[in-house]
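Novice: I'd like to ask some things about the structure below.
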Amino acid sequence: MKQTTRTPSLSRLLAAVFILATFTLILTGARAAASGPATQSGAASEAQKYLSSESGRDSLMAAVRAAGVGDGARIMQSQQARLLADDGLGGDKFGYSVAISGNTAVVGAYLRGPGASLSRLGAAYIFQRTNSIWNRQVTLLPSDLLGTVNFGYSVAISGDTIVVGALGNNQVFGQVYIFQRNGTAWSERQRIQSASRTFGTSVALDGTILLVGEPGAITRSQTGAVNAYRFNGSTWDFEAQFVGNAATTADAFGISVSISGNTALVGAYGDDTNIGVDAGSAYIFVRNGTIWTEQAQFFATDPGVGNLYGWSVSLSGNTAAVGAYNDDLPGKANAGAVYVYERTGTTWSAQPKLVAGDAKADDKLGYSVAINGNIIVAGAYFYDSPTTQNVGAAYIFQRVGTVWGSGGIATPEEPQPGDLFGSSVALSDTTFLAGAPNADLIPTNLNIGTSHVYSLRPSTRILANFDGDALTDLSVFRPSNSSWYARQSSNGLSFIQQFGASGDLLAPGDYDGDGRTDLAVFRPSNGTWYILHSSNGVFRARQFGTSGDLPVPGDYDGNGITDIALFRPSDNTWYIFVGSISSFLVQQFGASGDRPVQSDYDGDGKTDIAVFRPANGTWYMIQSLTNSFRAQPWGASGDVAAPGDYDGDTRTDIAVFRPAEGKWYILQSTHNTSRVQTWGTIGDVAVPADYNGDGKADIAVFRPADGNWYILESGLNALRVEQWGASGDVPVPTAHLP
Numbered sequence: 031m032k033q034t035t036r037t038p039s040l041s042r043l044l045a046a047v048f049i050l051a052t053f054t055l056i057l058t059g060a061r062a063a064a065s066g067p068a069t070q071s072g073a074a075s076e077a078q079k080y081l082s083s084e085s086g087r088d089s090l091m092a093a094v095r096a097a098g099v100g101d102g103a104r105i106m107q108s109q110q111a112r113l114l115a116d117d118g119l120g121g122d123k124f125g126y127s128v129a130i131s132g133n134t135a136v137v138g139a140y141l142r143g144p145g146a147s148l149s150r151l152g153a154a155y156i157f158q159r160t161n162s163i164w165n166r167q168v169t170l171l172p173s174d175l176l177g178t179v180n181f182g183y184s185v186a187i188s189g190d191t192i193v194v195g196a197l198g199n200n201q202v203f204g205q206v207y208i209f210q211r212n213g214t215a216w217s218e219r220q221r222i223q224s225a226s227r228t229f230g231t232s233v234a235l236d237g238t239i240l241l242v243g244e245p246g247a248i249t250r251s252q253t254g255a256v257n258a259y260r261f262n263g264s265t266w267d268f269e270a271q272f273v274g275n276a277a278t279t280a281d282a283f284g285i286s287v288s289i290s291g292n293t294a295l296v297g298a299y300g301d302d303t304n305i306g307v308d309a310g311s312a313y314i315f316v317r318n319g320t321i322w323t324e325q326a327q328f329f330a331t332d333p334g335v336g337n338l339y340g341w342s343v344s345l346s347g348n349t350a351a352v353g354a355y356n357d358d359l360p361g362k363a364n365a366g367a368v369y370v371y372e373r374t375g376t377t378w379s380a381q382p383k384l385v386a387g388d389a390k391a392d393d394k395l396g397y398s399v400a401i402n403g404n405i406i407v408a409g410a411y412f413y414d415s416p417t418t419q420n421v422g423a424a425y426i427f428q429r430v431g432t433v434w435g436s437g438g439i440a441t442p443e444e445p446q447p448g449d450l451f452g453s454s455v456a457l458s459d460t461t462f463l464a465g466a467p468n469a470d471l472i473p474t475n476l477n478i479g480t481s482h483v484y485s486l487r488p489s490t491r492i493l494a495n496f497d498g499d500a501l502t503d504l505s506v507f508r509p510s511n512s513s514w515y516a517r518q519s520s521n522g523l524s525f526i527q528q529f530g531a532s533g534d535l536l537a538p539g540d541y542d543g544d545g546r547t548d549l550a551v552f553r554p555s556n557g558t559w560y561i562l563h564s565s566n567g568v569f570r571a572r573q574f575g576t577s578g579d580l581p582v583p584g585d586y587d588g589n590g591i592t593d594i595a596l597f598r599p600s601d602n603t604w605y606i607f608v609g610s611i612s613s614f615l616v617q618q619f620g621a622s623g624d625r626p627v628q629s630d631y632d633g634d635g636k637t638d639i640a641v642f643r644p645a646n647g648t649w650y651m652i653q654s655l656t657n658s659f660r661a662q663p664w665g666a667s668g669d670v671a672a673p674g675d676y677d678g679d680t681r682t683d684i685a686v687f688r689p690a691e692g693k694w695y696i697l698q699s700t701h702n703t704s705r706v707q708t709w710g711t712i713g714d715v716a717v718p719a720d721y722n723g724d725g726k727a728d729i730a731v732f733r734p735a736d737g738n739w740y741i742l743e744s745g746l747n748a749l750r751v752e753q754w755g756a757s758g759d760v761p762v763p764t765a766h767l768p
C-alpha cells in the first residue's frame, strides 16, 4: 500500500488532470407531483417540451430554490455529552460560565458551596474528552478559601492554562486565578488581586496574553476598564490598563472581553449613545509591543434604547461578533441579535446582523456568543420551545464565502422550564459547549446547573439533502431516462429533474455551500463534471478526469463545500481539487481491486482518503486530523462497504453489509465496540444515512425488486417502509461511493 503525498509538477497535472472552466446547459427536467417515481416517460416528455422555453426553465429554478428551508449552509449538531457536577447541590449555577480548548472543557459554578462555613465559595470543573467520552478530571478551588467568593464567575482556557475569575462583593475584592497543567495534573500558578469588586467579571486568554474585565473600575468615574497581563515564562506581569476613548460613567466597559492574537474586543453595554440609555457599544484595541491602542468603536447599525449591545463579544482573526440580547425586531421586543464586523487592513466593516429564523419576543439571542473561523454560536437563553418555557437555545451561524447565514439550532435533549440553556457558550474547532445554569436535577437539586457538549458537522456530511433540512431525502436516479427523483423530507413534496446522460456516474454533493445537495454527474466519455447549483440554478461544467476514473466527491478541506475529486483505478491515484485554496492534491493510495470509501473517519470535519479491500477485508485510510495511516481489518470478500456515523460522535464508523447473511457489521468509533444487526437480504442495496435527523446513520436498504426503502431508525429502533423507486434505479444516498 503506497501512501506518499506529492506536490504535483505542472507537467504531471497537465497529463493527469484536465481543467476547462466552462458553463454549459445540459439536460434538465421538471418537478413532479407527489405521487412518487413510477415510470413516467410521458411526464418526462412533457417536461422536456415545457423546458424548451426560457420561462419554463426560470420557473423550474424558482421552484428548486423555493424548496430550501434555510438561508445559509446547514451545520448539523448532535449532543455529545451532558456534563454534571457529581458533587453539586441546588443553586450552584454550574454552567454559568464555560470555556473549551480542544479536548478540555472548563465549567464554572460560581455559587457552589463546599460547606456551611464556606458557603457559596464557587468552583470550576475540568472535563477531559477521550474518544468522544467526557469525564471530570478535577475540580479547581482557590488557594485562599476564606478570602474568595464567586470563584468561577468567568473562565477561560488556552492550551495548558486556565484562568478563573472570582467576582467580588461588599466584603471581598475581585480576583483572578491562573492554573497550569503538567501532564494530567492542574495546579494554581498565580493569583492576581485588585482593589475593585468587579475585577474578574470577564476574562479572555490567548497564549501568553490575558485580559481581565473590570466594568466597575473607578477610572474616569467608573467607566470600567480592561487589564492586560503577559506571561514572561514564569509569571504573569501586568502590562497595561486601557479604556475606550469615548467611554463615560456607567458604560460598563469590560463587561465582556475577547482576544485573538494582538487584537482585543471589549463590550460596553451601558454606553448611552445618541439613541439613548444602555444602547451599548464595543471597542477594538490592538497591541504593538506593550502598547494597546484603540482601533475602532462599534455601534449597532440600528441602535435602540436598552438594547444592551456589547453584553457579549467574541473575536476570531479579523471577524468580530457582538451580542445585543435586548435588540428589538419588528413586533418581537427583546428578540435579540448578533452583529458581525470584518476587518480589512485596519478598517472594520459591519455585516448584516444575525437573527434567529424563528425569532420570538424575549428570546434574548446574543446573551452569549462565541466565534471560531466561519462558525458563530449564540445563546438565546430565554427561548421557549413548543412545549417548554425559557428552556433556552443556541443558534449556529455559518459563513460561506463572505455571507453569514443560519446554520441550525441546538436545544438540550432533557429540557425543563427555566433551564436558561445558552446562558454561556464556547466554541473550539467543531465542538461547542453551552451552559444551562438553572437546570434542575429532580427532585431536590434545583438550579444545580448542567452543561452540554455538541459536535458540529458540516452540511456536506448529510447525504441527499436536497431541501436543506438536514435529513436525507428518499431519492433515486433512473438511468433509463437520466432523471433524478426525490421526495423532500421537509414537506413531503417530490420533484423530478432530468440531468445527465447515458453512462454518467453520479456525484451529488453540496458544491455551493448552501446546505443543500446539488445534482451532479461525472461523464467518463469526456472527463467532464456537470453540476446544477441549488443556490442559484446555475449549471456548471468542468473538465477534470478521464475515462476509467471514478468520482469521489467530498469535503477534503473542511470548509463546508464539496470538492471535486477522482480515484483512478489504473494507477490507484487520487486527484483532488481543493476548493478553498484552488490547488490540487495528488495522492497515490490503494491497490488493484480496492473500492474508494472516502469519509470523515476522525471527526475533524474533513473527508479522509480511504479504500476498502475486499480481497482481505481490510480498510485503509489516511486520517487528516493527524495525517496518520490506519489499517483496520473489518469485513470479508463479498461484503459491501457501508460506512456511516452510526453512534453520532461525528466520526464515520467502519461498517459492511453482508448480503449473503442479510447482516450488518459495524465497528462503532465511540467505544471501539462492534454491533451486528440483521437487516436486508440478497439483492438489497445498502443505503445508510440519517433519515430522521438525530445525527446518527440509520441502517437502511433499498430493494429494487419492489422499489421499497426499509429503514431501521436509530434511537426509535422503529421500522419504516416507504416506496420510492423502481427496478433499475440507483439510490442517491450512497452515490458518493462509486
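Count along the sequence shown starting at 1, add 30, and that's the number in my numbering.
Note that the Cβ used here is the ideal one computed from N, Cα and C, for glycine as well.
When the Cα of S520 is compared with those of V193, T592, A500 and S485, which residue comes out closest?
Specialist: A500
Novice: Give the DSSP bridge partners of F328, in chain order.
Specialist: A312
Novice: Per DSSP, which one or two residues make a beta bridge with W739?
Specialist: F732 and E752
Novice: Between the C-alpha atoms of T331 and R429, what's the straight-line distance to the nearest angstrom?
Specialist: Linking T331 to R429 through their CA atoms gives a straight-line distance of about 20 Å.
Novice: Should H563 be labelled buried (16 or more other beta-carbon atoms within 10 Å of its own) or exposed?
Specialist: buried
Novice: Could you name the residues of the same chain whose beta carbon sits closer than 7 Å to that of T480, not counting the 5 residues immediately before and after it, in chain order?
Specialist: R112, L113, L114, F124, G125, A466 and A469
Novice: Identify which residue in P445, I406 and S510 has its Cα closest to the Cα of A386.
Specialist: Ranking P445, I406 and S510 by CA distance to the CA of A386 puts I406 first.
Novice: Given that a residue counts as buried once 16 or more other Cβ atoms are within 10 Å of its Cβ, and exposed if not, what is P663?
Specialist: Exposed is the label assigned to P663, since fewer than 16 other Cβ atoms lie within 10 Å of its Cβ.
Novice: What's the gap between the Cα of P768 and the Cα of T547?
Specialist: Cα to Cα, the separation comes out at about 17 Å.
Novice: Are the CB atoms of S512 and G539 nearer to each other than 8 Å?
Specialist: no
Novice: Starting from the N-terminal side, write out each stretch of the beta strand (DSSP E) that is 3 residues or longer and does not extend beyond the segment 126 to 188.
Specialist: 134 to 139, 153 to 160, 163 to 170 and 181 to 188
Novice: What are the residues that DSSP puts in a beta bridge with F427?
Specialist: As a beta-bridge residue in DSSP terms, F427 pairs with I406 and S436.
Novice: Starting from P663, trace the beta strand (DSSP E) in both directions and tell me its first and last residue.
Specialist: Following the DSSP letters along the chain, one finds P663 inside the beta strand (DSSP E) bounded by residues S658 to P663.
Novice: Which word fits P360, buried or exposed, when buried means at least 16 other C-beta atoms lie within 10 angstroms of its C-beta?
Specialist: exposed
Novice: Hey, I611 and D593: beta-carbon distance below 8 Å or not?
Specialist: no
Novice: Go ahead and pull the three-state DSSP assignment for R227.
Specialist: Coil.
Novice: Could you tell me if S565 is buried or exposed, where buried requires 16 or more neighbouring beta carbons within 10 angstroms of its beta carbon?
Specialist: Buried, by the Cβ-count rule.
Novice: What I want to know is whether the C-beta of S600 ends up closer than 7 Å to one or more non-hydrogen atoms of the ligand COA.
Specialist: Among the components of this structure there are no ligands whatsoever, and the ligand COA is therefore not found.
Novice: Exposed or buried, G263, counting other C-beta atoms within 10 Å across all chains shown (16 or more means buried)?
Specialist: In the assembly as shown, G263 is an exposed residue. Its beta-carbon has fewer than 16 other beta-carbons within 10 Å.
Novice: If G274 sits next to F283, beta carbons under 8 Å apart, how far is it from one beta carbon to the other, in whole angstroms?
Specialist: With a beta-carbon spacing of about 5 Å, G274 and F283 fall inside the 8 Å limit used to define contacts.
Novice: With a 10 Å radius around its C-beta and 16 neighbouring C-beta atoms as the bar for buried, classify P447 as buried or exposed.
Specialist: exposed
Novice: Look up R487 in the DSSP assignment and say whether it is helix, strand or coil.
Specialist: strand
Novice: Let's test the definition: count the other Cβ atoms within 10 Å of the Cβ of A225 and tell me whether it reaches 16, buried, or not, exposed.
Specialist: exposed
Novice: Nearest to D544 by CA position, among A129, V179 and D497, is which residue?
Specialist: D497
Novice: Considering Cα atoms alone, identify which of S600, V168 and G204 is closest to I192.
Specialist: V168
Novice: Grouping DSSP H, G and I as helix and E and B as strand, with all else coil, what is D632?
Specialist: DSSP places D632 in coil when its eight states are reduced to three.
Novice: Secondary structure at V568, three-state DSSP: helix, strand or coil?
Specialist: coil
Novice: Could you tell me which of T376, G340, T293 and W559 sits nearest to A595, measuring between CA atoms?
Specialist: W559
Novice: Alpha carbon to alpha carbon, what distance is there between A719 and P763?
Specialist: 7 Å
Novice: With DSSP collapsed to three states, give me the class of H563.
Specialist: coil
Novice: Between G297 and V352, is the Cβ-Cβ spacing less than 8 Å?
Specialist: yes
Novice: Quick check on the DSSP output: what are the complete beta strand (DSSP E) runs of length 3 or more inside the segment 190 to 267, in order along the chain?
Specialist: 191 to 196, 205 to 212, 215 to 223, 232 to 236, 239 to 244 and 255 to 261
Novice: Looking at the strands, I want to know which residues DSSP matches up with P626.
Specialist: V641
Novice: Using a threshold of 8 Å, state whether the C-beta atoms of Y631 and R681 are closer than that.
Specialist: Cβ atoms of Y631 and R681: closer than 8 Å.
Novice: So the candidates are S505, I163 and D679; which of them puts its Cα closest to the Cα of S108?
Specialist: Shortest Cα-Cα distance from S108 to any of S505, I163 and D679 involves D679.
Novice: Tell me the start and end of each unbroken alpha helix (DSSP H) in the segment 672 to 722 that is at least 4 residues and wholly inside, in chain order.
Specialist: For the segment 672 to 722, not a single whole alpha helix (DSSP H) run of length 4 or above is found.
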